[in-house]
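Colleague: I am attaching a structure below and will ask some questions about it afterwards.
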Amino acid sequence: MLSWPQDPALRVLPAQKYGKVTGAAVDKEALFQGILENKKTVFWICLGYAREFVEAEELTQEVFFKAWTKIDSLRNPERHREWLFRMARNVCFDHLKKKRLRKLFQGSSLEHGRDERTPETRALYRDELRLLKVAVRSLPGKLKDTFILRGYGGLSYREIAAVLKIKEGTVMSRLNEAREKIKSRMREQTYGR
Amino acid sequence: MEDRMESGRADRIQELIQREKEDAERNFESSRFDARLFGRIQSASEASPKTWFVFLRKPRPVIALSALLLAIAGFLFFRKLSPSPFEQTVRAMSAVLDDAGDGRQMKEQDSMAPRIATAEYTEFGWALKGVLYACERESLGDVELADALSRVFLKEDPRAASRQGGANPPLPRADSLQLKSGEDFQSFFSGFLKKFEEV
Numbered sequence: 114m115l116s117w118p119q120d121p122a123l124r125v126l127p128a129q130k131y132g133k134v135t136g137a138a139v140d141k142e143a144l145f146q147g148i149l150e151n152k153k154t155v156f157w158i159c160l161g162y163a164r165e166f167v168e169a170e171e172l173t174q175e176v177f178f179k180a181w182t183k184i185d186s187l188r189n190p191e192r193h194r195e196w197l198f199r200m201a202r203n204v205c206f207d208h209l210k211k212k213r214l215r216k217l218f219q220g221s222s223l224e225h226g227r228d229e230r231t232p233e234t235r236a237l238y239r240d241e242l243r244l245l246k247v248a249v250r251s252l253p254g255k256l257k258d259t260f261i262l263r264g265y266g267g268l269s270y271r272e273i274a275a276v277l278k279i280k281e282g283t284v285m286s287r288l289n290e291a292r293e294k295i296k297s298r299m300r301e302q303t304y305g306r
Numbered sequence: 005m006e007d008r009m010e011s012g013r014a015d016r017i018q019e020l021i022q023r024e025k026e027d028a029e030r031n032f033e034s035s036r037f038d039a040r041l042f043g044r045i046q047s048a049s050e051a052s053p054k055t056w057f058v059f060l061r062k063p064r065p066v067i068a069l070s071a072l073l074l075a076i077a078g079f080l081f082f083r084k085l086s087p088s089p090f091e092q093t094v095r096a097m098s099a100v101l102d103d104a105g106d107g108r109q110m111k112e113q114d115s116m117a118p119r120i121a122t123a124e125y126t127e128f129g130w131a132l133k134g135v136l137y138a139c140e141r142e143s144l145g146d147v148e149l150a151d152a153l154s155r156v157f158l159k160e161d162p163r164a165a166s167r168q169g170g171a172n173p174p175l176p177r178a179d180s181l182q183l184k185s186g187e188d189f190q191s192f193f194s195g196f197l198k199k200f201e202e203v
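For the protein sequence lines, the chains are A and B, in the order given. For the first sequence, our numbering assigns the number 306 to the last residue and increments by one with no breaks. For the second sequence, our numbering assigns the number 203 to the last residue and increments by one with no breaks.
In structure tokens:
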């Protein structure tokens with residue numbers, strides 16, 4: 114059984130804030146449980162941005178902890194998915210930014226270079242996956258967001274449009290562009306070696 | 005052939021992503037994740053700041069209130085320090101008198117200052133005589149300034165005049181004179197001030 118905070122002020126959201134939407138006070142705990150149902154999707158989105166599983170799990174932790182602390186800013190609980198995925202995108206974006214800065218000062222020690230590959234990871238899947246990750250990371254920010262939300266998060270075009278605040282048509286065109294760039298990059302890496 | 009390869013590569017991308025997700029999902033322990041998350045939430049809520057401290061998270065109202073208080077304090081301070089209308093008038097008059105050279109600001113050590121003040125006083129006297137002439141149409145060239153002013157502002161006491169047997173001295177004595185009064189004098193005085201400004 115999970116232990117929730119005992120402070121009533123932390124458990125129940127103010128009725129006046131959510132009264133218009135639900136007609137009654139919203140239980141903070143219940144709302145958060147609803148948000149937590151999207152744990153897998155958030156994890157996959159984080160996996161798209163992260164280099165590996167452990168990093169993705171850490172990012173997912175951060176997203177949900179932030180969601181709990183910022184739950185009062187959720188104006189419309191019915192649209193909590195958009196709110197959550199936007200938060201996930203922002204957390205991952207900030208994380209990557211910090212990581213780039215760290216890399217700048219620490220050199221490329223965090224980079225998984227080719228030399229780190231062990232004989233086991235030389236399997237085709239591992240190699241291809243590494244190529245894919247490098248290609249996704251090299252995408253421009255807008256294309257990367259769209260591709261990860263679709264490819265990893267499995268979000269619909271409408272949801273992606275709502276999260277990124279763009280039109281559905283733009284989502285489709287960005288997705289096509291992102292796929293083309295990834296394919297081209299993977300081809301370059303495969304035949305360029 | 006190339007299209008087929010491209011299509012196959014796109015499928016392969018999706019397949020790779022799917023496989024990566026499955027692998028990650030196998031390693032992802034949901035219960036452990038939840039336990040850790042709620043542990044963090046619990047400790048964060050225990051260490052949450054006091055209620056009165058919460059306002060710091062929303063600085064806008066605080067900034068607005070501070071600005072308002074600062075503006076009120078500034079206004080009160082300015083009002084307290086700023087001179088009253090009476091003080092402003094006195095300062096303006098002092099400035100005019102200083103410019104006219106009444107000599108009050110002269111330094112005794114400065115030997116040139118008394119001469120400059122005297123010259124200014126003479127100039128002021130002639131200016132005043134000019135005004136008086138414009139008012140009374142009477143030449144006051146050799147008359148002392150005090151006497152010239154007496155002619156304009158004072159009138160002879162009728163009782164003193166009768167005691168002297170109707171004699172008309174060239175300049176009235178101070179003890180037999182009275183300050184002019186009444187509406188005529190007021191209109192004269194306003195005219196005098198106007199002429200003074202012109203001169």
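Note that beta-carbon positions come from the ideal geometry of N, C-alpha and C, so glycine has one too.
Ignore the nearest five residues each way along the sequence and tell me which others in G393(A)'s own chain have a CB closer than 6 Å to its CB.
Modeller: Outside the modelled stretch of chain A, which goes from 114 to 306, sits residue 393(A), for which no answer is possible.
Colleague: Residues in the same chain with beta-carbon distance under 6 Å from A248(A), minus the five sequence neighbours each way, listed in chain order, please.
Modeller: Residue 248(A) sits at position 135 when you count from the first residue of the first sequence. Correct list, in chain order: I295, R298, M299.
Colleague: Tell me the residue span of the alpha helix (DSSP H) that contains A76(B).
Modeller: As a first step, residue 76(B) is located in the second sequence; it is residue number 72 there, counting from the start. Correcting the residue identity first, residue 76(B) is Ile in this sequence and not Ala. Where I76(B) is concerned, the enclosing alpha helix (DSSP H) stretches over 63–85.
Colleague: Using the Cα positions of E281(A) and T259(A), report the straight-line distance between them to the nearest angstrom.
Modeller: On the first sequence, position 168 is the one that residue 281(A) refers to. On the first sequence, position 146 is the one that residue 259(A) refers to. In a straight line, the C-alpha of E281(A) is about 11 Å away from that of T259(A).
Colleague: Let me make sure I understand the geometry here. Which of Y304(A), V167(A), K257(A), R250(A) has the alpha-carbon closest to that of E290(A)?
Modeller: Counted from its first residue, the first sequence places residue 290(A) at position 177. Comparing Cα positions, the closest option is K257(A).
Colleague: Entirely within the region 249–292 of chain A and at least 3 residues each: give me those beta strand (DSSP E) ranges in chain order.
Modeller: Those beta strand (DSSP E) runs which fall completely within the region 249–292 of chain A and span 3+ residues do not exist here.
Colleague: When you compare only the Cα positions, how much space is there between S191(B) and D151(B)?
Modeller: The sequence position of residue 191(B) within the second sequence is 187, counting from 1. The sequence position of residue 151(B) within the second sequence is 147, counting from 1. Rounded to whole angstroms, S191(B) to D151(B) spans 21 Å at the Cα level.
Colleague: Report the residues of the region 162–196 of chain A with a CB closer than 8 Å to any CB of chain B, ordered along the chain.
Modeller: The residues in question are F166, A169, E170, T173, Q174, F177, F178, W181, T182.
Colleague: Under a CB-based cut-off of 9 Å, is Y265(A) close to chain B?
Modeller: The residue you call residue 265(A) lines up with position 152 of the first sequence. Chain B contact via Cβ: present.
Colleague: Taking CB distances under 9 Å as the criterion, tell me whether F198(A) reaches chain B.
Modeller: The residue labelled residue 198(A) in the question sits at position 85 within the first sequence. Not closer than 9 Å to any Cβ of chain B, the Cβ of F198(A) fails to qualify, so no.
Colleague: Is the CB-CB distance between Y270(A) and M285(A) below 9 Å?
Modeller: The residue labelled residue 270(A) in the question sits at position 157 within the first sequence. The residue labelled residue 285(A) in the question sits at position 172 within the first sequence. Contact: yes.
Colleague: Got a sec, what are the start and stop residues for the alpha helix (DSSP H) S35(B) sits in?
Modeller: By one-based count along the second sequence, residue 35(B) stands at place 31. Its alpha helix (DSSP H) spans residues 34–50.
Colleague: Rounded to the nearest angstrom, how far is the Cβ of Y238(A) from that of L209(A), given a contact under 8 Å?
Modeller: As a working note, residue 238(A) is residue 125 in the first sequence. As a working note, residue 209(A) is residue 96 in the first sequence. That pair is no contact at about 25 Å.
Colleague: Quick one: which chain A residues come within Cβ less than 8 Å of I76(B)?
Modeller: Translated into positions along the second sequence, residue 76(B) becomes position 72. Ordered by position in chain A, no residue passes the 8 Å Cβ test against I76(B), which lies about 31 Å from the chain.
Colleague: Could you have a look at K246(A) and say whether DSSP puts it in helix, strand or coil?
Modeller: In the first sequence, the residue the question calls residue 246(A) occupies position 133. DSSP places K246(A) in helix when its eight states are reduced to three.
Colleague: Indicate whether at least one CB of chain A lies closer than 9 Å to the CB of I67(B).
Modeller: Position 63 of the second sequence, counted from the start, is the residue given in the question as residue 67(B). Look at I67(B): its C-beta is not under 9 Å from any C-beta on chain A.
Colleague: Hey, does Y270(A) have any beta-carbon neighbour from chain B nearer than 9 Å?
Modeller: Counting from one through the first sequence, the residue named residue 270(A) turns up at place 157. No, its Cβ sits nowhere closer than 9 Å to a Cβ of chain B.
Colleague: Taking C-alpha atoms, which residue in R250(A), L268(A), W181(A), L244(A) lies nearest to C205(A)?
Modeller: As a first step, residue 205(A) must be located in the first sequence, where it is residue number 92. It is R250(A) whose Cα lies nearest to the Cα of C205(A).
Colleague: What number of angstroms, rounded off, separates the C-alpha of S95(B) from the C-alpha of F200(B)?
Modeller: On the second sequence, position 91 is the one that residue 95(B) refers to. On the second sequence, position 196 is the one that residue 200(B) refers to. Looking at the sequence shown, residue 95(B) is not Ser but Arg. Each residue's alpha carbon lies about 20 Å from the other.
Colleague: Could you tell me whether the Cβ of D38(B) comes closer than 9 Å to any Cβ of chain A?
Modeller: Residue 38(B) sits at position 34 when you count from the first residue of the second sequence. Judged by the 9 Å Cβ criterion, D38(B) is in contact with chain A.
Colleague: Figure out for me which residue from E293(A), L144(A), P253(A) has the closest Cα to the Cα of R192(A).
Modeller: As a position in the first sequence, residue 192(A) is number 79, starting the count at 1. That would be L144(A), whose Cα lies nearest to the Cα of R192(A).
Colleague: For L149(A), which residues in the same chain have their Cβ closer than 8 Å to its Cβ, ignoring the five residues on either side in sequence?
Modeller: For the purposes of this step, residue 149(A) is taken as the residue at position 36 of the first sequence. Closer than 8 Å at the Cβ level, and outside the excluded window around L149(A), lie F177.
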